[in-house]
Amino acid sequence: MASSRDDLLIAIRSAFLKKSTQQKFSLLTLVFFSLFIIILSSLDLKVIKFSKAVINEIVYRSSFIVSVPENLIKNTFTLTKDYTTFFKKYKKNETELERLKSSYVSNEITEYENRELKELINDYVSSSDKILAKIIVDHDSPFLKSIIINKGSKDNIKIGTNVYDQSYLVGRVIEVNYKTSRVLLLSDLNSNVPVTIAPQNIQAIVTGNGEDKGQIKYIKSGFSDQLVDDSIIYTSGTGAIFKSGVPIGKLQSFGESAVNEYEVEFYSDFSQLKYVFAEIITQTEISQVSAETDENSNEENNPLDAKLKILEDELEIIEESNKKFQKENENLKTEINNLNYKVLNLNNEISSQKQTINQFNLDTQELKFLRLNLEHGHKCRKSFLNNKGFIVGSAEYKDCVLSKGKIDG
Amino acid sequence: MASLRAKGSFLKIYYWLPMLILYISVLNEFDFNYLKLKYFSFNFPFILIFFFTLKDFKYFDYTLVFIAGLFNDTVVGLPLGISSLSYTLICISTAYLRNITIRPSPLKDWFYFLFIISSINSINYSVLTLFFSFDLILMNYLINTFFTFSFYIIFVSIFRYYLKGLND
Chain A
10 MASSRDDLLI
20 AIRSAFLKKS
30 TQQKFSLLTL
40 VFFSLFIIIL
50 SSLDLKVIKF
60 SKAVINEIVY
70 RSSFIVSVPE
80 NLIKNTFTLT
90 KDYTTFFKKY
100 KKNETELERL
110 KSSYVSNEIT
120 EYENRELKEL
130 INDYVSSSDK
140 ILAKIIVDHD
150 SPFLKSIIIN
160 KGSKDNIKIG
170 TNVYDQSYLV
180 GRVIEVNYKT
190 SRVLLLSDLN
200 SNVPVTIAPQ
210 NIQAIVTGNG
220 EDKGQIKYIK
230 SGFSDQLVDD
240 SIIYTSGTGA
250 IFKSGVPIGK
260 LQSFGESAVN
270 EYEVEFYSDF
280 SQLKYVFAEI
290 ITQTEISQVS
300 AETDENSNEE
310 NNPLDAKLKI
320 LEDELEIIEE
330 SNKKFQKENE
340 NLKTEINNLN
350 YKVLNLNNEI
360 SSQKQTINQF
370 NLDTQELKFL
380 RLNLEHGHKC
390 RKSFLNNKGF
400 IVGSAEYKDC
410 VLSKGKIDG
Chain B
-7 MASLRAKGSF
3 LKIYYWLPML
13 ILYISVLNEF
23 DFNYLKLKYF
33 SFNFPFILIF
43 FFTLKDFKYF
53 DYTLVFIAGL
63 FNDTVVGLPL
73 GISSLSYTLI
83 CISTAYLRNI
93 TIRPSPLKDW
103 FYFLFIISSI
113 NSINYSVLTL
123 FFSFDLILMN
133 YLINTFFTFS
143 FYIIFVSIFR
153 YYLKGLND
């Protein structure tokens, strides 16, 4: 018994401490190293932060280089898939573009109005500048949903910077290095976004489900009955972590139970991201801005000028559509005239045909009279022997012939 | 002479191939996650480290395995040192198994591997949720453990071919 315990201890000691010829450190040293690093990385020291940033920079770049062949295969697959549905997508996009163009102008006006109102409420102007960032590492881990972008503190990226795919929110920056940053995607379990659900105007929190979708959490009891499919979800701006009014996704019901459960389908497909926009926000006090605007009142950046420009654009579009309508009206008028002329011609034709038919009827009657006249004319004609007859050509004579020689008493 | 030198460099690469694959896999997360299969994920580095440290492969340095763990943490976004600890624990467990085994059996190794990866994943999950307040889905860990265990046999047969080639 004692011997077997000794063997076990020897085996364990050997496993922990023995270094073979090739090994530089014993495994116990490495375990201590690991624990030391774990503790150090949880401390918020400047030196550790700097060292971490350096390691991150090196590893992210290396990961990007190593991922090149795999990304090439992935991109080729996606490209081939895109080409097969190219025409269908093109047609769909064309229609969508036409629709969006018309709503774009009015949206911009609303945006400017909103900005002005916000300036009045907050006493400061927040000007945002979206910078394009390339995704250098996008390993779709089953545990954590994050991406690495090629912009860092050098480009004014800060922790909490909102990241967009076009105008849709995709996440926020959680780790900043000098030239790279890590973005926590909305689909991650650790992501929490305060949102408004429209049109019901319900406030809630959207968290990621660890896959591709989100789930509604912390909704006031009773309000969940009001939720319907395709309700739009956008950021409410509560907590000032995310900018307000940024679209996120739409509600989709799932489950077959009597009470519908809802999940959030994000507008952006996080697995297909190649480039994203990071929004750098700078806040300026409103007094300074007014002074600056006084000095540079003629500058094009003035919001009033910009609004005016938008209105001019809108006017131009309206004029253009008016012209289009006028032209269309003229075309329609010409067409109506042509049709009227055709109708007149047809009427004339009908009346001439009616005349022909009348003439034919008259001729038929005459023929009938002549035939009967030959047979019964002698009975109706007034003569020496026929005192009751009528004078030839009179109406009575005609009636008599048509009634086959019968003379009414 | 030149051909001999070329052969020598090729051999060197061939010797270090497992380590090279380990680094590529941690930097690239070689686990087919991009296939978007809902209930599928596996941990290739676990299989690789377990097999080559169990075989006490000369060109599979513990320090390099430790550094690979740091790389993995950086890429995945885990707190630095977690994967290094996991990889080092695998090395310890294989060293222990080697010490206590007189007659090696692939089946025993396989089930020992299941025990080890389950323990390590449990430690990972506990540390991340308790000390770092991470929200994690336990089911994902279970699925990962299951597929890593299942794929072990397939990869082991490939690695055996590699070792056989080396001996020849």
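Sequence lines, in order, name chains A and B.
Heads up, my numbering is the position in the first sequence plus 9, with the first residue counted as 1.
Under my numbering, the second sequence has 141 at position 149, and the numbering climbs by one with no breaks.
Note that beta-carbon positions come from the ideal geometry of N, C-alpha and C, so glycine has one too.
These numbers come from a predicted model, not from an experiment.
{"Item": "Do you know how far the Cα of A:Ile366 is from the Cα of A:Val410?", "Value": "25 angstroms"}
{"Item": "Considering Cα atoms alone, identify which of B:Pro10, B:Phe63 and B:Phe103 is closest to A:Val63.", "Value": "B:Phe63"}
{"Item": "Please state whether DSSP places A:Glu184 in a helix, a strand or coil.", "Value": "strand"}
{"Item": "Kindly indicate which three-state DSSP category B:Thr66 falls into: helix, strand or coil?", "Value": "helix"}
{"Item": "Under three-state DSSP, which class holds A:Thr205?", "Value": "strand"}
{"Item": "Taking only runs of the alpha helix (DSSP H) that begin and end inside the segment 70 to 130 of chain B, which ones reach a length of at least 4 residues, in chain order?", "Value": "74 to 92 and 98 to 122"}
{"Item": "Got a sec, what are the start and stop residues for the beta strand (DSSP E) A:Ile157 sits in?", "Value": "Ser155 to Ile158"}
{"Item": "Alpha carbon to alpha carbon, what distance is there between A:Phe369 and A:Lys407?", "Value": "19 angstroms"}
{"Item": "Can you name the start and end residues of the alpha helix (DSSP H) that A:Lys55 belongs to?", "Value": "Lys55 to Val75"}
{"Item": "Assuming A:Glu220 is part of the beta strand (DSSP E), what are its boundary residues?", "Value": "Here A:Glu220 belongs to no beta strand (DSSP E), and DSSP marks it neither H nor E."}
{"Item": "Which of the three DSSP states, helix, strand or coil, is assigned to A:Asp16?", "Value": "helix"}
{"Item": "When DSSP labels each residue in this structure, what does A:Thr343 get in the three-state scheme?", "Value": "helix"}
{"Item": "Consult DSSP for A:Thr94 and reduce its assignment to one of helix, strand or coil.", "Value": "coil"}
{"Item": "Tell me, to the nearest whole angstrom, how far the beta carbon of A:Val204 is from that of A:Ile290; I am working on the premise that it is less than 8 angstroms.", "Value": "About 19 angstroms separates the two Cβ atoms, so there is no contact after all."}
{"Item": "Taking all protein chains shown into account, decide if B:Arg95 is buried (16 or more other Cβ within 10 angstroms of its Cβ) or exposed.", "Value": "exposed"}
{"Item": "Quick check: the segment 42 to 54 of chain B against the segment 87 to 107 of chain B, are there 3 or more CB pairs under 8 angstroms?", "Value": "yes"}
{"Item": "In chain B, what lies closer than 8 angstroms to A:Leu36 by C-beta?", "Value": "Tyr54, Thr80, Cys83, Ile84 and Ala87"}
{"Item": "Counting only Cβ pairs nearer than 8 angstroms, list the residues of chain A close to B:Pro71.", "Value": "Ile47, Ser50 and Ser51"}
{"Item": "Of all the CB atoms in chain B, is at least one closer than 7 angstroms to the CB of A:Asn186?", "Value": "no"}
{"Item": "Given that a residue counts as buried once 16 or more other Cβ atoms are within 10 Å of its Cβ, and exposed if not, what is A:Thr104?", "Value": "exposed"}
{"Item": "For B:Leu72, which residues from the same chain have a beta carbon less than 8 angstroms from its beta carbon, with the 5 sequence-adjacent residues on both sides left out?", "Value": "Leu62, Asp65 and Thr66"}
{"Item": "What whole-angstrom Cβ distance do A:Ile144 and A:Val255 have, given they're in contact under 8 angstroms?", "Value": "So it is not a contact: roughly 19 angstroms between Cβ atoms."}
{"Item": "Taking CB distances under 7 angstroms as the criterion, tell me whether B:Ser76 reaches chain A.", "Value": "yes"}
{"Item": "Starting from A:Val40, follow the alpha helix (DSSP H) in both directions and report where the run begins and ends.", "Value": "Leu36 to Ser51"}
{"Item": "Who are the neighbours of B:Asn159 on chain A, taking C-beta pairs under 9 angstroms?", "Value": "Neighbours of B:Asn159 on chain A: none; closest Cβ ~18 angstroms, over 9 angstroms."}
{"Item": "Taking all protein chains shown into account, do 16 or more other C-beta atoms lie within 10 angstroms of the C-beta of A:Arg108, making it buried, or fewer, making it exposed?", "Value": "exposed"}
{"Item": "Just to confirm, are A:Ala213 and A:Ile228 a CB contact at a threshold of 7 angstroms?", "Value": "yes"}
{"Item": "Pick out whichever of A:Ile241, A:Ile168, A:Ile82 and A:Leu88 has its Cα sitting closest to the Cα of A:Ile206.", "Value": "A:Ile241"}
{"Item": "Does A:Phe334 pass the burial test, meaning 16 or more other C-beta atoms within 10 Å, or should it be called exposed?", "Value": "exposed"}
{"Item": "Quick test of the definition: if touching needs 3 or more C-beta pairs under 8 angstroms, does the segment 109 to 127 of chain B touch the segment 74 to 89 of chain B?", "Value": "yes"}
{"Item": "Note down the Cα distance separating A:Tyr121 from A:Lys127, rounded to an integer number of angstroms.", "Value": "10 angstroms"}
{"Item": "Give the range of the beta strand (DSSP E) segment to which A:Phe263 is assigned.", "Value": "Pro256 to Phe263"}
{"Item": "Between A:Glu328 and A:Ile345, what straight-line distance do the alpha-carbon atoms span, to the nearest angstrom?", "Value": "25 angstroms"}
{"Item": "Just to confirm my understanding: we take A:Lys139, look at its own chain, exclude 5 residues before and 5 after, and list those with CB closer than 8 angstroms. What are they?", "Value": "Tyr173, Phe286, Ala287, Glu288 and Ile289"}
{"Item": "Name, please, each residue of chain A whose Cβ falls closer than 9 angstroms to the Cβ of B:Phe126.", "Value": "Phe152, Leu153, Leu198 and Asn199"}
{"Item": "Measure from the C-beta of B:Asn220 to each C-beta in chain A and report whether the shortest distance is under 7 angstroms.", "Value": "In this structure chain B extends from -7 to 160, so residue 220 of chain B is not present and cannot be described."}
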